[in-house]
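A.B. asks: Protein chains in written order, with our numbering: chain L, 91 to 285; chain S, 91 to 285.
We put the beta carbon where it would ideally sit given N, CA and C, even for glycine.
It should be emphasised that the depicted structure is a prediction, and the values quoted were computed from it without experimental measurement.
Protein chains: 2
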Amino acid sequence: MTAVNLLDDDAPRERADASRNRAKVLAAAEELFATRGAKNVTMDDIAKTAGVGRGTLYRRYPDRASIAVALLDSHERALQEELLRGAPPLGPGARPADRLGAFYAAMVDLLDRHIHLALGVEVGHTRFATGAYGFWRAHVRALVAHTEDPDALVDVLLAPLAPEVFRYQREDLGLSADRITATLRALARQVLGPS
Amino acid sequence: MTAVNLLDDDAPRERADASRNRAKVLAAAEELFATRGAKNVTMDDIAKTAGVGRGTLYRRYPDRASIAVALLDSHERALQEELLRGAPPLGPGARPADRLGAFYAAMVDLLDRHIHLALGVEVGHTRFATGAYGFWRAHVRALVAHTEDPDALVDVLLAPLAPEVFRYQREDLGLSADRITATLRALARQVLGPS
DNA sequence: TCCTTAAGTGGACACTGTGTCCACATTAAC
DNA sequence: GTTAATGTGGACACAGTGTCCACTTAAGGA
Numbered sequence: 091m092t093a094v095n096l097l098d099d100d101a102p103r104e105r106a107d108a109s110r111n112r113a114k115v116l117a118a119a120e121e122l123f124a125t126r127g128a129k130n131v132t133m134d135d136i137a138k139t140a141g142v143g144r145g146t147l148y149r150r151y152p153d154r155a156s157i158a159v160a161l162l163d164s165h166e167r168a169l170q171e172e173l174l175r176g177a178p179p180l181g182p183g184a185r186p187a188d189r190l191g192a193f194y195a196a197m198v199d200l201l202d203r204h205i206h207l208a209l210g211v212e213v214g215h216t217r218f219a220t221g222a223y224g225f226w227r228a229h230v231r232a233l234v235a236h237t238e239d240p241d242a243l244v245d246v247l248l249a250p251l252a253p254e255v256f257r258y259q260r261e262d263l264g265l266s267a268d269r270i271t272a273t274l275r276a277l278a279r280q281v282l283g284p285s
Numbered sequence: 091m092t093a094v095n096l097l098d099d100d101a102p103r104e105r106a107d108a109s110r111n112r113a114k115v116l117a118a119a120e121e122l123f124a125t126r127g128a129k130n131v132t133m134d135d136i137a138k139t140a141g142v143g144r145g146t147l148y149r150r151y152p153d154r155a156s157i158a159v160a161l162l163d164s165h166e167r168a169l170q171e172e173l174l175r176g177a178p179p180l181g182p183g184a185r186p187a188d189r190l191g192a193f194y195a196a197m198v199d200l201l202d203r204h205i206h207l208a209l210g211v212e213v214g215h216t217r218f219a220t221g222a223y224g225f226w227r228a229h230v231r232a233l234v235a236h237t238e239d240p241d242a243l244v245d246v247l248l249a250p251l252a253p254e255v256f257r258y259q260r261e262d263l264g265l266s267a268d269r270i271t272a273t274l275r276a277l278a279r280q281v282l283g284p285s
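#1: Quick one: what does DSSP say L/Gly143 is sitting in, helix, strand or coil?
#2: Find the nearest neighbour of S/Ile157 within the set S/Glu166, S/Ala119, S/Arg175, S/Gly181, judged by alpha-carbon distance.
#3: Since S/Gly283 contacts S/His206 with CB under 8 Å, what's their CB separation in whole angstroms?
#4: Is the stretch 164 to 184 of chain S touching the stretch 133 to 140 of chain S, taking contact as three or more C-beta pairs under 8 Å?
#5: Of all the residues that make up the stretch 223 to 239 of chain S, which are near chain L by a beta-carbon distance shorter than 7 Å?
#6: Mind checking whether S/Ala208 and S/Leu201 have CB atoms under 9 Å apart?
#7: Counting only beta-carbon separations shorter than 9 Å, does S/Leu96 have a partner in chain L?
#8: For the structure I just gave you, are there three or more beta carbon pairs, one from the stretch 227 to 245 of chain S and one from the stretch 268 to 276 of chain L, closer than 8 Å?
#9: Determine the burial state of S/Gly210: buried for a count of at least 16 other Cβ atoms within 10 Å of its Cβ, exposed for fewer.
#10: Using the beta-carbon of each residue, which ones in chain S are nearer than 7 Å to L/Ile270?
#11: Counting contacts by CB-CB distance shorter than 9 Å, is L/Gln259 in contact with chain S?
#12: Using a Cβ-Cβ cutoff of 8 Å, what residues of the stretch 182 to 194 of chain L are near chain S? List them in chain order.
#13: Hey, is S/Asp202's beta-carbon within less than 9 Å of any beta-carbon in chain L?
#14: So with CB distances below 7 Å, who are the chain L contacts of S/Phe218?
#15: Taking the alpha-carbon of S/Thr237 as reference, which of L/Ala228, L/Ala195, L/Ala276 has the nearest alpha-carbon?
#16: One question on the structure: do S/Leu251 and S/Arg189 come within less than 9 Å of each other, judged by their Cβ atoms?
#17: Quick one: residues in its chain with C-beta nearer than 7 Å to the C-beta of L/Leu248, no 5 flanking neighbours on either side, listed in chain order?
#18: Using a C-beta to C-beta distance shorter than 8 Å, which residues of chain S count as neighbours of L/Ala158?
#19: Taking DSSP as the reference, what is the three-state secondary structure of L/Tyr258?
#20: Check whether chain S comes within 9 Å of L/His206, counting only Cβ atoms and requiring the distance to be less than that.
#21: Kindly give me the distance between the Cβ atoms of S/Leu116 and S/Leu161, rounded to whole angstroms, as I take these residues to be in contact under 8 Å.
#22: What residues from chain S crowd round L/Val255, counting only those whose CB sits closer than 7 Å?
#23: Name the two residues that bound the continuous alpha helix (DSSP H) containing L/Glu238.
#24: So, at 6 Å on beta carbons, what are the nonlocal neighbours of L/Leu274 in its own chain, with the 5 sequence-adjacent residues on each side left out?
#25: Would you check if the distance between the CB atom of L/Arg59 and the CB atom of L/Met133 is smaller than 9 Å?
#26: May I have the straight-line CA-CA distance separating L/Leu147 from L/Ala113, to the nearest angstrom?
#27: Could you confirm whether any beta carbon from chain S is found closer than 9 Å to the beta carbon of L/Thr132?
#28: Check whether the Cβ atoms of S/Val255 and L/Val198 lie closer than 9 Å to each other.
#29: Counting along the chain, where does the alpha helix (DSSP H) carrying S/Gly221 start and finish?
#30: Keeping to the same chain, check which residues put their C-beta closer than 6 Å to that of L/Arg279; ignore five residues upstream and five downstream.
#31: Please work out which residues of its chain come closer than 7 Å, Cβ to Cβ, to S/Val142, disregarding the five sequence neighbours upstream and downstream, and give them in chain order.
#32: Locate the alpha helix (DSSP H) running through S/Asn111, then write down its first and last residues.
#33: Helix, strand or coil: how does DSSP classify S/Leu265 here?
#34: For a contact meaning CB atoms closer than 8 Å, what does L/His215 contact in chain S?
#35: Exposed or buried, L/Arg154, counting other C-beta atoms within 10 Å across all chains shown (16 or more means buried)?
#36: Taking L/Ala219 as the reference, which of L/Glu171, L/Ser266, L/Tyr151, L/Val159 has the closest Cα?
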């Protein structure tokens with residue numbers, strides 16, 4: 091799901107027209123998702139807006155969700171990098187409770203900036219199948235490893251970050267991102283202890 | 091969304107063939123949802139299985155979700171009744187932490203028995219628009235009323251009960267309902283204090 | 001019992017969106 | 001400049017949705 095596949099292995103380089111079209115598709119999709127909301131965008135819309143045929147579009151992206159995933163990918167990678175090798179409390183070094191709190195804050199920020207894409211990925215259970223979910227899951231799993239039942243707890247702690255939940259809180263209830271962050275930070279403290 | 095509309099007001103009684111067909115539709119839908127999963131059931135399937143025309147089906151139920159809601163309704167009402175007027179710890183009288191724990195346990199039980207219906211309701215954000223969600227929300231809101239920011243906390247606490255999350259834990263991860271319940275009970279204790 | 005009428009029925013129809021297929025165009029290597 | 005593989009785009013078949021309306025059926029009054 092990377093943007094380009096440069097010089098890797100002996101994989102045949104991507105043709106010039108192909109990568110030009112990929113860029114047009116992604117730009118068009120980003121635009122449409124942001125404007126109308128992913129639910130109201132058809133593959134046809136994307137193809138038309140990008141100035142590309144249906145066949146070209148389907149060649150790389152079998153559905154809307156995969157386009158949203160591709161668009162979200164770069165932003166998610168940046169955060170993943172920070173979690174693995176960044177400075178505390180996001181990166182290693184801080185206490186689990188603080189790292190979980192920082193993770194929550196970063197995810198709320200990510201969601202707030204790209205909620206239209208996050209909702210585009212969400213086609214029900216699609217979310218759990220995503221590679222990204224697996225990453226977040228592994229990260230939080232490690233932070234709660236010392237608790238009673240980490241394998242059951244981890245998805246409970248990730249549940250409030252579901253795009254639909256976040257959208258409901260932000261848009262329907264009108265809560266600020268800060269309030270949501272504060273609440274999740276408090277949750278992290280209570281679950282992992284203030285120690 | 092009640093099953094029958096008996097003698098209420100001056101509303102014209104439902105005709106015999108109409109209520110016969112409603113029963114056939116609900117039975118067919120229940121069966122199909124349980125067998126194939128709601129996602130793989132079309133309105134046409136339901137009409138055919140019920141032995142009813144499309145027009146008849148659409149007259150009362152504009153989409154799959156509304157049928158699932160109708161089917162789930164009776165079970166949810168029973169729980170709602172208990173929350174309002176049942177014995178503690180589910181009903182009034184017990185401490186908030188215990189009531190929230192009991193609520194979690196009851197909801198996990200409900201989800202476990204009717205997950206195919208709960209997933210049928212779930213068409214993304216549909217969940218929050220449901221009357222039922224409003225009820226759960228009001229209930230939990232009252233239990234956490236004394237905390238820092240109840241309005242932000244309530245949806246965070248309800249998020250792990252999203253049908254998709256539950257399904258993932260039960261089916262993809264293979265967790266038992268008891269483990270999930272225990273984890274949520276612990277969460278309730280940690281958030282509302284053991285006091 | 002028959003008649004009336006309003007409610008209810010069911011299937012045909014138009015429409016929207018999906019995904020596939022393949023003749024043709026473009027690219028890049030030789 | 002030729003060639004072979006890669007990529008393109010629009011036509012097509014299909015599945016599911018929701019609407020519409022001529023017909024049927026139930027239920028109450030004469």
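C.D. replies: Reading from the atomic positions:
#1: coil
#2: S/Ala119
#3: That pair is no contact at about 37 Å.
#4: no
#5: Glu238, Asp239
#6: yes
#7: Low local confidence applies: a pLDDT of 35 at S/Leu96 is under 50, so the model's placement there is unreliable, with the coordinate-based value given in what follows. No, no contact with chain L.
#8: yes
#9: buried
#10: Ala242
#11: yes
#12: none
#13: no
#14: Tyr258, Asp262
#15: L/Ala276
#16: no
#17: Trp226, Arg227, Val230
#18: None at all; the shortest Cβ gap to chain S is about 14 Å.
#19: helix
#20: no
#21: 6 Å
#22: Asp245, Ala249
#23: Here L/Glu238 belongs to no alpha helix (DSSP H), and DSSP marks it neither H nor E.
#24: Tyr194
#25: An answer regarding residue 59 of chain L cannot be provided, because it is not within the stretch 91 to 285 covered by chain L.
#26: 11 Å
#27: no
#28: no
#29: 221 to 233
#30: Ala187
#31: Asn111, Lys114, Val115
#32: 106 to 126
#33: coil
#34: Glu254, Arg257, Tyr258
#35: buried
#36: L/Val159
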